[in-house]
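Novice: Quick note: the sequence shown, position 35, residue 35 per this note's numbering, numbers continuous. Built from N, CA and C at the ideal position, the CB exists for glycine as well. Sharing a structure, written as structure tokens. Questions coming.
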Amino acid sequence: MQFRKLYLTVKNLPKAILFIVGLFAISFLNFSWIIIVAYGLFLFSTLVWVVSVKLQRRTCQRIFKYMLIGALIFTIGFSTFENYLCWNVGYPSTFDSSHPNVTISYPNILGVSLVEIVQDIKDTPAFSLLTLEYPGEILLTQVILNTRIAAGGEISLRFFHVASNWDLLFSSHDGSSYVASTIIWNRVREFPSQQTPDTSLRQIDNLGLQWFYERTIEECQNKSAVNKIRTSPEVTDLRIAAVWDDYEIYQGLTLQMTCFFEDQLSRLVSFTAVFQPNGTVLSGDFTIHPTR
Numbered sequence: 001m002q003f004r005k006l007y008l009t010v011k012n013l014p015k016a017i018l019f020i021v022g023l024f025a026i027s028f029l030n031f032s033w034i035i036i037v038a039y040g041l042f043l044f045s046t047l048v049w050v051v052s053v054k055l056q057r058r059t060c061q062r063i064f065k066y067m068l069i070g071a072l073i074f075t076i077g078f079s080t081f082e083n084y085l086c087w088n089v090g091y092p093s094t095f096d097s098s099h100p101n102v103t104i105s106y107p108n109i110l111g112v113s114l115v116e117i118v119q120d121i122k123d124t125p126a127f128s129l130l131t132l133e134y135p136g137e138i139l140l141t142q143v144i145l146n147t148r149i150a151a152g153g154e155i156s157l158r159f160f161h162v163a164s165n166w167d168l169l170f171s172s173h174d175g176s177s178y179v180a181s182t183i184i185w186n187r188v189r190e191f192p193s194q195q196t197p198d199t200s201l202r203q204i205d206n207l208g209l210q211w212f213y214e215r216t217i218e219e220c221q222n223k224s225a226v227n228k229i230r231t232s233p234e235v236t237d238l239r240i241a242a243v244w245d246d247y248e249i250y251q252g253l254t255l256q257m258t259c260f261f262e263d264q265l266s267r268l269v270s271f272t273a274v275f276q277p278n279g280t281v282l283s284g285d286f287t288i289h290p291t292r
């Protein structure tokens with residue numbers, strides 16, 4: 001009898017492992033309609049299978065046992081597939097095999113096309129999968145190119161799924177592939193805009209980041225003269241951000257150009273100019289960063 005119990009335990013071990021791995025895999029799925037279906041199928045199959053065991057209905061036991069196994073296999077497979085795609089989204093259009101540890105650098109950052117960066121993300125299997133999980137309107141709310149945040153620079157993009165209040169994030173740093181993730185907000189957000197993000201990005205690209213950079217330097221020099229701030233704008237790093245913002249005269253994507261440099265007192269200084277996509281200046285301010 002003891003040997004029979006041992007035999008049954010060993011026989012059911014693969015099922016127990018599958019059950020545990022399935023539960024573990026569910027915890028790694030993005031919260032979407034797919035995980036709701038997976039949870040529902042899993043709970044329904046488990047409940048009916050347990051009841052059929054109690055009632056000794058062998059046919060029902062067999063049917064719902066295989067349904068449960070199928071649900072677990074699907075969950076494990078889909079979770080593995082989703083996580084693989086989200087951790088290997090693809091390399092940004094700025095990637096250069098001759099500089100494998102660089103995502104973006106200065107001054108090469110000024111030749112980048114924001115439209116191309118966004119379209120590269122939209123063309124990836126990971127983005128297609130996330131749009132399947134989050135159907136409906138998805139708004140681009142942020143594109144950031146930063147040569148200072150990491151040794152090899154960083155590119156990050158943020159999309160907002162209106163119906164679920166989730167953000168879809170894509171980021172690449174130090175020459176790595178994009179990594180995708182999601183984040184939910186506990187407050188309702190709205191992004192009213194005078195024009196679509198695609199139109200705004202095309203306007204920015206038509207002028208070119210080099211053009212915005214030159215206007216930023218002009219604004220920096222003008223503000224320096226007015227405020228009598230001693231600066232020597234020999235730029236060492238740039239942060240370029242196409243982000244949603246709200247001004248009295250404009251709502252929508254703005255182009256924020258931040259130049260980092262040292263002033264004549266060897267302090268790290270940055271100057272940020274904010275533009276409408278058509279090149280109209282909205283604001284310009286200095287920031288003196290504390291020394292480390």
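Among 276, 288, 99, 106, which one has its Cα closest to the Cα of residue 204?
Specialist: Among 276, 288, 99, 106, the Cα nearest to that of residue 204 is on 276.
Novice: Looking at C-alpha atoms only, which residue of 220, 199, 212, 195 is the closest neighbour of residue 246?
Specialist: 195
Novice: Count the other C-beta atoms from every protein chain shown that fall within 10 angstroms of the C-beta of residue 222, then say buried if there are 16 or more, exposed otherwise.
Specialist: exposed
Novice: Once DSSP output is grouped into helix, strand and coil, what is the label at residue 237?
Specialist: strand
Novice: Please list, in chain order, all residues of the same chain as residue 88 whose beta carbon is under 6 Å from its beta carbon, the five residues on each side excluded.
Specialist: 177, listed in sequence order.
Novice: At a cut of 8 Å, does the segment 181 to 195 reach the segment 161 to 168 through at least three beta carbon pairs?
Specialist: yes
Novice: Ignoring anything shorter than 3 residues, give me the beta strand (DSSP E) runs that lie fully in the segment 244 to 281, in order along the chain.
Specialist: Listed in chain order, the complete beta strand (DSSP E) runs (minimum 3 residues) inside the segment 244 to 281 are 251 to 262, 268 to 275.
Novice: Suppose you measure from the CA of residue 72 to the CA of residue 79; what does that come to, to the nearest Å?
Specialist: 10 Å
Novice: Pop quiz: residue 201 and residue 118 are said to be a contact at Cβ under 8 Å. What is the actual Cβ separation, rounded to whole angstroms?
Specialist: 6 Å
Novice: Can you tell me whether residue 209 is buried or exposed? The criterion is at least 16 other CB atoms within 10 Å of its CB, across all chains shown.
Specialist: buried
Novice: Just to check my reading of the structure: residue 106 and residue 147 have Cβ atoms closer than 8 Å, yes? What is that Cβ distance to the nearest angstrom?
Specialist: Cβ-Cβ separation between residue 106 and residue 147: approximately 5 Å, consistent with a contact (criterion under 8 Å).
Novice: State buried or exposed for residue 81, treating a residue as buried only when at least 16 other CB atoms are found within 10 Å of its CB.
Specialist: exposed
Novice: Would residue 161 be called buried (16 or more neighbouring beta carbons within 10 Å of its own) or exposed?
Specialist: buried
Novice: Using CA coordinates, which residue listed in 159, 145, 174, 198 is at the minimum distance from residue 239?
Specialist: 145
Novice: Report yes if the CB atom of residue 159 is closer than 9 Å to the CB atom of residue 139, and no otherwise.
Specialist: A contact, by the Cβ cut-off of 9 Å.
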